[in-house]
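Structure, as structure tokens:
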Amino acid sequence: MEVGIFAPQTVAHEKILSAQARKIRNLSAVFLTSAITTCTLWAVMPLFDTAETRFFPFKIWMPINTEKSPHYEIGYLYQVISIYISALLFCAVDSSTLSMIMFGCAELEIIIDKIQKIRDIPISRVNKSDCRKRLTENNKLFMECVRHHQCVVKFIELVEDTYHANIFFQLSGSVGIICIIGLRIVMTEPSSVQFYSMLNYMLTILSQLFLYCWCGNELTSMSQNLREFLYLCPWYEQNIQFRRSLIIAMERMKRPIIFKAGRYIPLSRPTFVSILRSSYSYFAVLNQTKK
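Counting in the UniProt record's numbering, the sequence shown runs from 1 upward without gaps.
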């Protein structure tokens, strides 16, 4: 893979990269804020409890006597610090993966910008030497676009090979998590801290799920647009070599770039809707059983 081909060549390319970076940074900030808010609500939950016995934010066995100090305080800090570290680690991994997917989108947008720079050749107004020069430049630019696209495909494949298993387990687990959280929300007192912590946790899981599906959908949509822009370039004024290369490239680009979790689940908006529907179906069944 030619890493150097990803370097921005013009100010327009830098603006494209900056715009995509700013977009994913803002979305990741929303996700991080939601995750930190959820952890904070979990951390303060024991402080609002009116029970006589002490309890921790999470019901796990701790090798200490919770009725004694500073045993309880040490266990409490251990759980709170652990969950904050876990949240930050998850956000870091998710942000890295999503940033690389959006980087692929930015590179596809740069390829489109290059394609739009393929110049037409009004033969009646250009002498033969200028005509040959333009044809050569157009062929060179087009082959650069083809190589650039191949590098983007290899880059996305590398990202998918690295993270597909992690994303697959996250998406698969989201169905059960959303269903269970929904049941907890229904069973919890609306005015309690636990209710708001569960509600915020639901929003965090949904935002994580949405970010993955949205970024994957953007990548697929951008790769589909690439073929349309190829057809819109002035190919009819180019030489035979350019036209043949164009046909081969368009045939290759019939297959859009699809980022798949577990090499099976495509990251797209229909996948997001499908997960929500499945979660609601399980929730409805379990809620009826509870009644």
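Idealized CB from N, CA, C, for every residue including glycine.
In chain order, what residues of the same chain have a beta carbon less than 8 angstroms from the beta carbon of residue i, not counting five sequence neighbours either side?
i             : result
residue 296   : Since the first and last residues shown for the chain are 1 and 291, residue 296 lies out of range.
serine 197    : Thr38, Leu41, Trp42, Met45
valine 30     : Ser207
leucine 98    : Ile24, Leu27, Ser28, Leu211, Tyr212, Cys215
arginine 227  : Met250, Met253, Lys254
glutamate 160 : Phe259, Lys260, Arg263
threonine 66  : Thr53, Arg54, Phe55, Phe56, Tyr72, Gly75
isoleucine 81 : none
Give the secondary structure of residue i by DSSP, where H, G and I count as helix, E and B as strand, and everything else as coil.
i              : result
proline 266    : strand
threonine 271  : helix
glutamine 9    : coil
proline 190    : coil
cysteine 116   : According to the sequence shown, residue 116 is glutamine rather than cysteine. Here glutamine 116 sits in coil by DSSP.
isoleucine 111 : helix
isoleucine 178 : helix
isoleucine 74  : helix
isoleucine 121 : coil
Which term fits residue i, buried or exposed, when burial requires 16 or more other beta carbons within 10 angstroms of its beta carbon?
i              : result
asparagine 217 : buried
glycine 173    : exposed
leucine 284    : Note on identity: in this sequence residue 284 is alanine, with leucine being the wrong assignment. When all chains shown are included, alanine 284 counts as exposed.
leucine 77     : exposed
alanine 92     : exposed
glycine 4      : exposed
methionine 187 : exposed
serine 34      : buried
alanine 7      : exposed
leucine 158    : exposed
leucine 230    : buried
Output needed for residue i: all residues of its chain with C-beta closer than 6 angstroms, excluding positions within five of it in sequence on either side, in chain order.
i              : result
proline 266    : Ile258, Lys260
methionine 222 : Cys105, Leu108
Near residue i, what residues of its chain come up, given a Cβ to Cβ distance below 7 angstroms and the 5 sequence neighbours on each side ignored?
i              : result
glycine 262    : His164, Ala165, Phe168
glutamate 237  : Asp120, Ile121
alanine 12     : Asp113
asparagine 138 : Ile118, Arg119, Gln238, Phe242
serine 268     : Cys213, Gly216, Asn217, Thr220
aspartate 152  : First, the residue type needs correcting, since residue 152 is valine and not aspartate in the sequence shown. Here the set comprises Gly104, Glu107, Leu108.
Rounded C-beta distance between residue i and residue j? I'm assuming under 8 angstroms.
i                 : j              : result
serine 279        : isoleucine 156 : The pair is not a contact, with the Cβ atoms about 28 angstroms apart (cut-off 8 angstroms).
threonine 220     : proline 256    : 5 angstroms
isoleucine 115    : cysteine 233   : 5 angstroms
phenylalanine 272 : leucine 209    : 6 angstroms
isoleucine 64     : glycine 75     : 5 angstroms
isoleucine 185    : leucine 199    : 6 angstroms
Comparing the C-beta of residue i with each C-beta of chain D, is any distance below 7 angstroms?
i         : result
serine 18 : Looking at the structure shown, chain D is missing, and only one protein chain is on hand.
Which parts of the segment 218–263 are runs of the alpha helix (DSSP H), unbroken and 4 residues or longer, counting only runs that do not cross its ends? 240–252
Completely contained alpha helix (DSSP H) runs for the segment 23–68, where each covers 4 or more residues: none
Beta strand (DSSP E) segments (min. 3 residues) lying fully within the segment 77–109: none
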